[in-house]
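J.: Before we start, here is the structure in question, set down as structure tokens.
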Amino acid sequence: MDILEILLTTGFWAATLRIATPLIFGTLGELICERAGVLNLGIEGIMTMGAMAGWMWVYQGGDLWGGVAFAAFIGMMFGLLHSGFTVYLGLSQHVTGIGITLLASSLSYFVFRMLLPDATTPPKIEPFQPYAIPLLSDLPVIGPSVFTQTPMTYLALICVAVIWYGLNRTPVGLAVRMAGENPLAVEAQGIDVLAVRTGAVMVGSALMSVGGAFLTMSAFDAFYFGMVNGRGWICVALVIFASWRPGKALLGALLFAGIDALQVRVQQVSGGAAIPYQFFLMAPYVLSILAMVVMARRAAYPKALLAPFRRGDRA
Amino acid sequence: MSAVLRLENITKRFGSLVANDSVSLSLARGEVLALLGENGAGKTTLMNILFGHYVADEGHVEVEGEALPPGAPHAAIAAGIGMVHQHFTLADNLTVLDNVVLGTESLWRPWQSRAAARSRLDAMSSEYGLTVDPDARVGDLSVGERQRVEILKALYRDARILIMDEPTAVLTPQETEGLFDTLRRLVERGLSIIFISHKLNEILAICDRVMVLRRGKIVHEMPTEGADRHILAEAMVGHAVTRPKADPMAPGDAVLSIRDVSLRSATGGVGLNAVNLQVRAHEVLGIAGVSGNGQVQLAELISGLSRPDEGSLTLFGETLTHPTPAKVVKLGVGRIPEDRHAEGVIGEMSIWENMISEDLRASPISRHGLIDHSAAKARTEAQIERFDVRCPGPDAETRLLSGGNMQKLILARALSREPGLVLANQPARGLDEGAIAYVHGQLLAARERGAGVLLITEDLEELLALSDRVAVIYHGRVSATMDAKTVSPRELGLMMAGHNPQTGPQGPDNAGAAA
């Protein structure tokens with residue numbers, strides 16, 4: 012079986028979409044923050060928090076969609092914390108973001124241990140099940156792959172369209188984009204820049220958190236330590252790859268996930284004899300670095316990214 | 003006439019600096035009021051308080067008799083105040099329409115009425131003669147067009163009072179005329195305008211009444227009818243200042259020759275295209291142009307920061323194939339860069355460190371590869387004395403200096419080496435009258451001593467006062483040089499906008515002939 016054959020299997024495409032789902036949520040979330048001018052490096056921790064919070068909600072007897080909403084709410088609270096430091100106090104977005112990641116990751120492990128002190132093997136929940144969309148799932152190849160996913164994957168795809176529309180076709184989206192380009196222009200039109208940025212960071216963080224929740228409520232059924240495993244950082248890179256556009260973010264997430272799904276399958280086929288498996292594990296990261304080098308050269312950054320806005324500052 | 007706007011006893015402090023000291027003013031319907039003052043006099047601060055960017059420490063603002071809540075731009079906009087900021091508040095990556103409609107619709111409406119907004123904007127453009135393409139990206143527009151967008155933004159919000167903050171600073175003389183036509187049309191329709199400037203002739207041309215601010219206080223108020231330049235200039239500065247004038251001198255040998263130089267810009271902007279020019283000893287060659295037409299590239303070339311793709315650069319008879327900043331300085335080029343803060347000095351380092359930064363490898367500053375601190379500080383103290391840099395001492399942080407004193411530091415560094423060529427790029431930009439007179443005097447003294455001066459400036463008054471010969475730079479091309487005594491500002495203005503006065507409008511590819 013060579014690579015071409017793998018590309019034609021439904022299993023490969025189904026896996027690609029599954030692996031891409033948390034990346035789609037995370038990349039969209041980061042994209043919204045950055046479009047408003049705020050880098051959110053809290054993403055890795057916020058995804059961990061979302062993974063724990065959504066799972067815990069369900070484990071404590073809550074409903075699955077209630078868990079998603081709870082994860083989104085917790086993400087928003089961390090977004091509020093991040094914007095408190097970066098938007099209102101104007102502190103370094105890098106340092107604050109990394110601080111949020113450390114805080115949120117540690118806090119999620121702490122809360123998990125507090126609530127379940129005796130668990131030795133990770134306890135499980137009943138996660139989201141794949142839902143075959145009527146008629147569409149009968150199509151060959153894409154039916155069993157694209158249209159037989161868990162509801163959270165469909166939600167991610169819907170989010171791409173909603174966020175594209177929101178950013179590009181609504182007044183509030185224009186305010187968000189303008190806040191990332193020239194905050195003074197927003198203020199000069201009578202809109203509160205700090206409120207716009209805070210709102211964007213909170214919505215973005217909610218999406219990141221839901222991306223984390225997908226891992227424990229849809230992809231797996233339990234919460235493990237270190238399970239986010241750098242996905243947040245991949246999302247930060249994917250935003251640049253996507254040139255801050257939702258459609259390209261979807262494309263980037265699928266590309267990365269596709270390479271990841273492919274390397275697992277190639278590993279199995281090659282039998283591990285000639286090439287050490289670590290090289291296959293490396294492949295998606297190496298290829299995304301290469302893609303970044305190509306794409307980032309012509310990326311047009313939001314001009315006010317990383318620049319705090321202080322009202323009444325002397326120009 | 004009834005007052006549409008009243009500011010009462012506005013006081014604003016920034017730390018120990020009093021930017022506005024109990025300022026009161028009123029504006030009548032249909033009036034154009036000039037706010038005149040030097041940089042740092044507090045004009046922009048006052049207008050930022052009026053528009054709600056800043057909150058005043060004391061005093062209040064009334065529009066049509068109603069108090070305006072402080073610190074709320076949306077309230078100022080709702081009350082009919084529109085502000086055209088000196089540094090435009092536009093997002094370059096978005097379209098004109100996006101920039102105009104932001105804030106005009108409720109943020110929570112799930113859609114935009116773009117078609118309605120576009121037809122309203124089109125109607126306003128044609129009504130006021132402010133033509134601009136609603137779908138153009140703002141970053142692609144010229145400075146004059148961007149200013150039109152700023153005015154349209156204010157009119158779109160139904161502004162009745164328009165604040166124009168130094169609107170002509172970036173315009174060519176012709177664009178300024180166009181702006182004045184627009185302003186007159188607006189006044190006819192009952193708008194009131196506050197016009198901030200430090201250019202006296204413009205104030206006399208367009209304004210009805212003038213208030214002069216100095217160090218945060220209103221020091222003078224009069225109708226422009228009957229006022230003249232000298233009264234206003236003295237009121238603004240506080241004492242009589244005369245700018246030096248150049249005496250005729252016979253030019254000497256060429257110190258700088260640029261032949262057929264072309265280079266591509268590293269950033270993808272305008273480069274240089276077949277540039278020819280020559281500067282001789284005992285003369286000032288002035289280069290006029292709207293910023294962004296290749297001045298940066300020309301200055302970088304002569305500073306040794308870039309290398310020509312074609313053509314040759316000759317300094318003092320030596321043709322440089324691989325120019326570097328160190329080589330250029332060593333040959334005797336004194337450089338006064340365009341942006342004092344970004345390129346001229348390192349603000350976080352001390353005055354003495356900045357002062358000796360071109361002498362790091364030379365005795366007596368450098369001994370056995372180490373800096374001789376006492377020699378460095380002694381030299382700095384002597385320079386501070388000679389160039390009258392007002393500062394606490396050589397150890398003070400450079401960023402704390404005022405613009406004028408920072409420029410004196412740069413002049414001291416560049417001119418004390420007695421360079422044979424002085425490259426002065428916008429040397430008086432943002433300085434007050436006293437400092438401008440000082441800078442001009444130093445440049446003319448260098449010319450008298452035997453240096454050639456290449457003066458790059460956007461200010462035509464400065465250009466014509468100092469230069470022996472002038473040329474215009476447009477889209478990376480430098481025109482033939484003209485005698486400064488016979489050329490008119492109008493002619494220069496047309497050439498700065500890309501027209502050739504002999505043959506009419508020309509495109510960027512054929513504007514300007516070789517010298």
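Chains X and H, in that order, give the protein sequences.
Just so we're aligned, residue 12 is where the first sequence starts under my numbering, counting upward by one.
Just so we're aligned, residue 3 is where the second sequence starts under my numbering, counting upward by one.
Built from N, CA and C at the ideal position, the CB exists for glycine as well.
Nothing here was measured: the structure is a model prediction, and the numbers come from that model.
1) Kindly give me the distance between the Cβ atoms of residue 226/X and residue 247/X, rounded to whole angstroms, as I take these residues to be in contact under 8 Å.
2) How do the region 20–29 of chain X and the region 262–281 of chain X stand: do at least 3 beta-carbon pairs fall below 8 Å, yes or no?
3) Output yes or no for whether 8 Å exceeds the beta carbon distance between residue 130/H and residue 157/H.
4) Over what stretch of residues does the beta strand (DSSP E) that includes residue 52/H continue unbroken?
5) Any beta carbon from chain H within less than 8 Å of residue 217/X's own beta carbon?
6) Given this structure, state the Cα-to-Cα distance separating residue 513/H from residue 468/H, to the nearest angstrom.
7) For residue 227/X, name the three-state secondary structure that DSSP assigns.
8) I'd like to know whether the C-beta atoms of residue 289/H and residue 79/H end up nearer to each other than 8 Å.
9) Considering only residues of the same chain and omitting the five flanking positions on each side of residue 16/H, which have a CB-CB separation below 6 Å?
10) Using a Cβ distance threshold of 8 Å, determine whether the region 394–407 of chain H contacts the region 347–365 of chain H, with at least three qualifying pairs required.
11) Thinking residue 81/H and residue 65/H are a contact (beta carbons under 8 Å), I'd like their distance in whole angstroms, please.
12) Quick check on DSSP: helix, strand or coil for residue 219/H?
13) Would you say residue 343/H and residue 349/H are within 8 Å of each other, going by their C-beta atoms?
14) Just to confirm the assignment, what range does the beta strand (DSSP E) spanning residue 285/H have?
15) List, in order along the chain, the chain H residues whose C-beta lies closer than 9 Å to that of residue 202/X?
16) Within 8 Å of any Cβ in chain X, is that where the Cβ of residue 79/H sits?
17) State the beta-bridge partners of residue 14/H as determined by DSSP.
18) So, using beta-carbon positions, are residue 367/H and residue 378/H closer together than 8 Å?
19) Is residue 261/X close to chain H? Criterion is C-beta to C-beta, closer than 8 Å.
20) Could you tell me which chain X residues have their CB closer than 7 Å to the CB of residue 87/H, listed as they occur along the chain?
21) Since residue 472/H is in the beta strand (DSSP E), which residue starts that stretch and which ends it?
22) Exposed or buried, what is residue 295/X when buried is set at 16 or more other beta-carbons lying within 10 Å of its beta-carbon?
23) State the DSSP-derived secondary structure class of residue 90/H, mapped to helix, strand or coil.
24) Under 8 Å, Cβ to Cβ, is there at least one residue of chain H near residue 185/X?
25) How about residue 314/H and residue 330/H: do their beta carbons lie closer than 8 Å?
26) Between residue 240/X and chain H, is any beta-carbon pair separated by less than 8 Å?
27) Pairing CB atoms from the region 190–209 of chain X with CB atoms from the region 40–49 of chain X, are three or more of them under 8 Å?
28) Under three-state DSSP, which class holds residue 463/H?
29) Compute the minimum distance between the beta carbon of residue 47/H and the heavy atoms of the ligand PLP, and state whether it is under 7 Å.
30) Just how far apart, CA to CA, sit residue 41/X and residue 273/X?
31) Is it buried or exposed for residue 420/H, if we count other Cβ within 10 angstroms and need 16 for buried?
32) Is any beta-carbon of chain H found at less than 8 Å from that of residue 189/X?
33) Measuring straight from C-alpha to C-alpha, what distance separates residue 78/X and residue 67/X?
34) Among all the DSSP beta bridges, which residues are the ones paired with residue 336/H?
35) Can you check whether the CB of residue 144/X is closer than 8 Å to the CB of residue 158/X?
36) Determine, using beta carbons only, whether residue 181/X comes closer than 8 Å to chain B.
T.: Inspection of the coordinates gives the following:
1) Between residue 226/X and residue 247/X the beta-carbon gap is near 17 Å, outside 8 Å, which marks them as no contact.
2) Yes, since at least three Cβ pairs between the region 20–29 of chain X and the region 262–281 of chain X fall closer than 8 Å, the two stretches touch.
3) Cβ distance < 8 Å, so residue 130/H and residue 157/H count as in contact.
4) Where residue 52/H is concerned, there is no enclosing beta strand (DSSP E), although the alpha helix (DSSP H) it sits in stretches over 45–53.
5) Output row for residue 217/X: interface = no.
6) In this predicted model, residue 513/H has a pLDDT of only 39, less than 50, meaning its place in the structure is not dependable; the value taken from the coordinates is given anyway. Our two residues, residue 513/H and residue 468/H, have alpha carbons roughly 25 Å apart in a direct line.
7) Note: residue 227/X maps to helix in three-state DSSP.
8) With contacts defined as CB atoms closer than 8 Å, residue 289/H and residue 79/H fail to qualify as a contacting pair.
9) Here the set comprises nothing.
10) Of all C-beta pairs linking the region 394–407 of chain H to the region 347–365 of chain H, three or more are shorter than 8 Å, placing the two stretches in contact.
11) In this structure residue 81/H is in contact with residue 65/H, their Cβ atoms being roughly 4 Å apart against a cut-off of 8 Å.
12) Here residue 219/H sits in strand by DSSP.
13) Against a cut-off of 8 Å, the Cβ pair of residue 349/H and residue 343/H comes out as a contact.
14) Where residue 285/H is concerned, the enclosing beta strand (DSSP E) stretches over 285–290.
15) In chain order: 75, 76, 104, 105, 109.
16) Chain X places a beta carbon closer than 8 Å to that of residue 79/H, counting this residue as a contact.
17) DSSP lists 22/H as partners of residue 14/H.
18) In this structure, residue 378/H lies closer than 8 Å to residue 367/H by Cβ.
19) No, its Cβ sits nowhere closer than 8 Å to a Cβ of chain H.
20) Chain X residues near residue 87/H: 199.
21) From DSSP, the beta strand (DSSP E) with residue 472/H extends over 471–476.
22) Counting every other CB atom within 10 Å of its CB across the protein chains shown gives residue 295/X a total of 16 or more, marking it as buried.
23) Of the three classes helix, strand and coil, the one that applies to residue 90/H here is coil, per DSSP.
24) Residue 185/X counts as touching chain H.
25) Their beta carbons are not under 8 Å apart, which means residue 314/H does not touch residue 330/H by this criterion.
26) So no, residue 240/X is outside the interface.
27) They touch, by the three-pair rule.
28) Residue 463/H falls in the helix class under three-state DSSP.
29) Looking at this structure, you won't find the ligand PLP or any other ligand, since it has none at all.
30) In a straight line, the C-alpha of residue 41/X is about 26 Å away from that of residue 273/X.
31) Exposed, because fewer than 16 other Cβ atoms sit within 10 Å of the Cβ of residue 420/H.
32) At a cut-off of 8 Å between beta-carbon atoms, residue 189/X makes contact with chain H.
33) When rounded, the distance between both Cα atoms is 8 Å.
34) Beta-bridge pairing by DSSP links residue 336/H to 424/H.
35) Their beta carbons are under 8 Å apart, which means residue 158/X touches residue 144/X by this criterion.
36) The structure shown has no chain B; the protein chains it does contain are X and H.
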